[in-house]
Amino acid sequence: MLDLTTLSFSSVVSRAAYCAVFLVLALRQREKSYLWHWLGAILASLLGAIMLTREPTNLTLPMLESMLIFTLYMISLVLSWSGLRRFYGLHFHTYAIVATIILIVTPALACLLGPWFNVSKTAISSIYFLCATAASIMVVAEILIARREDLWSQIVVAVAFSIYAMGFAFSAGMLILTDLQISTETARVTIIFDQVNSVLVYVGYVAMSGERANLQLRHQADTDALTGLFNRRGIQHALAKLDLKHPESTVCVLLGDLDHFKKINDTLGHEGGDAVLKIFAKRLKNLMRRDDIAVRWGGEEFLIVLTHTTIDEAGAFAERLRRHIESEPFVIASQAINVTISIGVAEIERPQETFDKAIGRADDALYQAKHNGRNRVCR
């Protein structure tokens, strides 16, 4: 069985190693403020662990040392929460800031004022555990309720802090409701529990950063840089998520082409033409539903995939888009430009027709729209 001295030393060494890793990450990515918050969280817990290592066998620390240790660990939990807020790009509300300050200060005040009011060390420890429980729950809530990204690694962090919350709550309950006293055995269990959980948390932080970077690279590879729509590569990944093989799933494709775009380029230059494409993409996205897919198919040509949509509904959408583009001029460099679009519409015929064949029929309909005078919808 490992003694307290060895466990405490191991806790300090592991936290120091994580500090070194996060310091390198933070210095290499200075603009990512969440890394500095998480580095601060690890550093605060490291300082707390060092203070405990000074006298690992002394289970009744002086009040001043207890106050510093409680404060450092509470700061660590709060910085973990604030780092997640930064990671998700969220701001700090006044009430949340006040709540975190209260959580940090309460155990310290209990240590300072406890002797004046004859509050036992057991009661003071219970106050710390309750505050730590609340801080851990804040972290879990940030991930599971306020999360903005679908990252699997964040679930690991949520699980770790859920275990922390349950452990803190259990400790507080045992101290309040029973005659349990802090002993060498309970201290050993607590350190082992913290060692395992801290690995999940800190490795989880690194994994979250890496997973997000990987998803961002994939998104960049699948997205047209100018318009923010899918490119031809991205449409394949988007279609893979759709249930195109289900016989009852109705899917329509629209192929649109901005009319006389070469003339726009000749008049405004390529920068003006790019501005027209960006404005069109923005207007298109405003009309689309969440599950619809828009693709810059090439040049001034755009592909739209409408899920759970009949051919009549797709035709109505195409006409709505055509009118929306025609009705309001595009303002480029203080110059109003009238833009129109021709659109071909086709429904994927179930179950034998492939997506490519449906695009071919939409392309034929687009050719017909252009042949008939442009600025119209054909199917």
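Mapped onto numbering that gives the first Met the number 0, the consecutive letters of the sequence shown carry residue numbers 0 to 378.
Ideal Cβ positions, reconstructed from N, Cα and C, are used throughout, including at glycine.
Note that the structure is a prediction, hence the values are computed from the model and not measured.
So is Lys261 buried or exposed if we call it buried at 16+ other beta carbons inside 10 Å?
-> Counting every other CB atom within 10 Å of its CB across the protein chains shown gives Lys261 a total below 16, marking it as exposed.
Where does Val376 fall in DSSP's three states?
-> strand
Would DSSP call Ile144 helix, strand or coil?
-> coil
Give the DSSP bridge partners of Cys18, in chain order.
-> Cys18 pairs with nothing; no bridge assigned.
For Arg322, which of Gln351, Thr339, Leu46 has the nearest alpha-carbon?
-> Thr339
Taking the DSSP output, what are the residues bridged to Leu254?
-> Leu302, Gly343
Which of helix, strand or coil DSSP assigns to Gln367 = helix
Could you tell me which residues DSSP pairs with Arg295 in its beta bridges?
-> Answer is Phe301, bridged to Arg295.
Residues sharing a beta bridge with Ala335, DSSP | Val330
For Phe229, which residues does DSSP report across the bridge?
-> Thr222, Val294
7 Å Cβ shell around Ala364 - same chain, five flanking residues per side excluded | The beta carbon of Ala364 sits closer than 7 Å to those of Gly343, Val344, Ala345, Cys377, Arg378, all from its chain and outside the five residues before and after it, given in chain order.
Please classify Trp115: does DSSP put it in a helix, a strand, or coil?
-> Helix at Trp115.
Measure the alpha-carbon distance for Ala19 versus Thr132 and round it to whole angstroms.
-> 28 Å
In the structure shown, what three-state DSSP assignment does Thr353 receive?
-> coil
Helix, strand or coil for Gly82 per DSSP?
-> helix
Look at the Cβ atom of Ile324, then the Cβ atom of Phe279, and state whether they are nearer than 9 Å.
-> yes
Which of helix, strand or coil DSSP assigns to Tyr204 | The three-state reading of DSSP puts Tyr204 in helix, counting H, G and I together.
Sorry if obvious, but does the Cβ on Lys240 come closer than 8 Å to a heavy atom of the ligand NAP?
-> By its list of ligands, the structure shown contains no ligand whatsoever, and the ligand NAP lies outside what it can speak to.
Contacts around Thr385, its chain only, beta-carbon distance under 7 Å, and the 5 residues preceding and following it disregarded = The requested residue 385 does not occur in the structure, where the chain is confined to residues 0 to 378.
Exposed or buried, Phe116, counting other C-beta atoms within 10 Å across all chains shown (16 or more means buried)?
-> exposed
Alpha helix (DSSP H) segment containing His269, residue limits | 260-286
Gln240 (DSSP reduced to helix, strand or coil) = Reading off the sequence, residue 240 comes out as Lys, not Gln. Lys240: coil per DSSP, three-state reduction.
Should Leu305 be labelled buried (16 or more other beta-carbon atoms within 10 Å of its own) or exposed?
-> buried
Helix, strand or coil for Trp387, going by three-state DSSP, please let me know.
-> In this structure the chain extends from 0 to 378, so residue 387 is not present and cannot be described.
Assigned secondary structure, His92 (DSSP; H/G/I helix, E/B strand, else coil) | Assignment of His92 by DSSP, reduced to helix, strand and coil, places it in the coil class.
Alpha helix (DSSP H) segment containing Leu150, residue limits = From DSSP, Leu150 is part of no alpha helix (DSSP H); its letter is neither H nor E.
Any idea if Lys120 is buried or exposed, counting beta-carbon neighbours within 10 angstroms, 16 or more meaning buried?
-> buried
Neighbourhood of Ser197 by C-beta, 6 Å cutoff - its chain only, sequence neighbours within 5 removed | none
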